[in-house]
Structures are given as structure tokens and as C-alpha cells.
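S.K.: Position in the sequence shown (first residue = 1) + 1248 = this note's numbering.
Note that CB positions come from ideal geometry on N, CA and C, so glycine has one too.
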Amino acid sequence: MQTYSHSDTQLDQIKLPPHSVEAEQSVLGGLMLESSALDKIADLITQDDFYRFEHRLIYRQIVRMSELAKPVDVITVAEALEISGELDKVGGLAYLGSLAQNVPSAANIRRYGEIVRERSIMRQLVEVGTDIADSAYNPTGRDAAQLLDEAEGKVFQIAEAGARGKQGFMSMPPLLTQVVERIETLYGRDNTSDVTGTPTGYTDLDR
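#1: Given a cut-off of 8 Å, decide if residue 1303 and residue 1272 are closer than it, judged by their beta-carbon atoms.
#2: When the Cα atoms are used, what is the spatial distance from residue 1415 to residue 1362?
#3: Here's the rule: buried if 16 or more other CB atoms are within 10 angstroms of the residue's CB, otherwise exposed. What is residue 1367?
#4: So, using beta-carbon positions, are residue 1300 and residue 1320 closer together than 8 Å?
#5: Quick one: measure Cβ to Cβ for residue 1297 and residue 1364, integer angstroms, because I've assumed they're closer than 8 Å.
#6: Use the C-beta contact count for residue 1274: other C-beta atoms within 10 angstroms, 16 or more gives buried, fewer gives exposed.
#7: Cα-Cα, which of 1375, 1384 and 1280 is closest to residue 1310?
#8: Would you call the CB atoms of residue 1314 and residue 1341 closer than 8 Å?
#9: Let me check understanding here. Comparing Cα to Cα, which of 1332, 1266 and 1369 lies closest to residue 1292?
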């Protein structure tokens, strides 16, 4: 029978935000192989969609260079980053070279960009979901209607931004639909005393 140590349990409790380093690397590598590939993803992702800080810096520099109609490749990007004092922050020329070397071509860059964008949306869902839950447990004077308005506003902001690169709007993510429904359940109950707060786990006390 498999046994688990206390340290294993602690590691299981540590969850990194959703991301795909490989997809981010493939996007950047593809852009340095074929600068025109930016046209395939410019409507889809922004620098803020990248999880790793160094990847945000690299992508931002590539976009700047493209806007100025400058050639984009490993050497030119490294030079631009060095001028801006950011080359060491991204891992130097060696890391830029590895990005381009590990991507055979930019043919699938749109799909890589979609993965980067999807993970970005998931991170936003995690953040907003946590905020919504915190608001439900600590309403600080707000009533159920106000909490629902705030929750729906946050959800639809993500949905609207998530429609980037697509026609129309994304439907409300199922995960946050469940969160909003849970808030409605918590605050929609008949509660003559109007008592709210953190649940104790004891039904009689939580009424």
C-alpha cells in the first residue's frame, strides 16, 4: 500500500496558477524565427497573458520592434533588450537562442498563442473566484444583490476580454457560474436575523 509523508501532503496543497511555459516559449521562439508570425497572434494575446515575467519582457520587446518595422530575430532582440537593460533579466542571449532553437517553425504559433491565452483566462478565473468567495464570507455591509452585481461584473469582464481574437462573446465560464449560484444559495435563503459570516460547519449555528 502506498504511503504519503507529511511533506508530500504539503506539496499537494501547493498549487501553481494555470500556465504553460512550453507554449509561451514556443510563441516567442516562433516569433524570432519568423517575425511576420506576429500577425497571426497580435489579436489574440498581450504581454500580460504570459505567466513568466521574462517572457513578458521578451514579447513586449518583439512587439515594439515590429511596430517600428525593425527585423526580429535572436540577435536583434538580444541587442534591443541589452539597450533597455533587460537582457540579463530574461536569461541573456543563451536563453533567447534556446527559445528559437527548440521550435522547428512558426507554423503552429496560432495554436500556441491560444494555449497561452487560455491559461491566462484560467488564472483570472482563479483570482476572481477567490475574490467572489471572500466577498460572500465577508460582505462588509453589502447585500446579496450588490454581491451578485459585483460578481457578475467581474465574470463578464473576463468573458469580454476572453473574446479577444474571436467573434462574439464567450459564455460565462461554468466554474464561475457555480460560484455565483453558490452565492445566490447562501444569500437567497430566508434569514430573519440577517446574520452572515463565516460558516462554522454546524447547521444550527449557521442558520
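M.R.: Straight from the coordinates:
#1: yes
#2: Any answer about residue 1415 is weak, because its pLDDT of 46 lies below 50 and its placement is not dependable; what the coordinates show is given next. It is roughly 14 Å from the alpha-carbon of residue 1415 to the alpha-carbon of residue 1362.
#3: Burial call: buried.
#4: no
#5: Sure, about 5 Å apart at Cβ, within 8 Å.
#6: So residue 1274 ends up on the buried side.
#7: Among 1375, 1384 and 1280, the Cα nearest to that of residue 1310 belongs to 1280.
#8: no
#9: 1369
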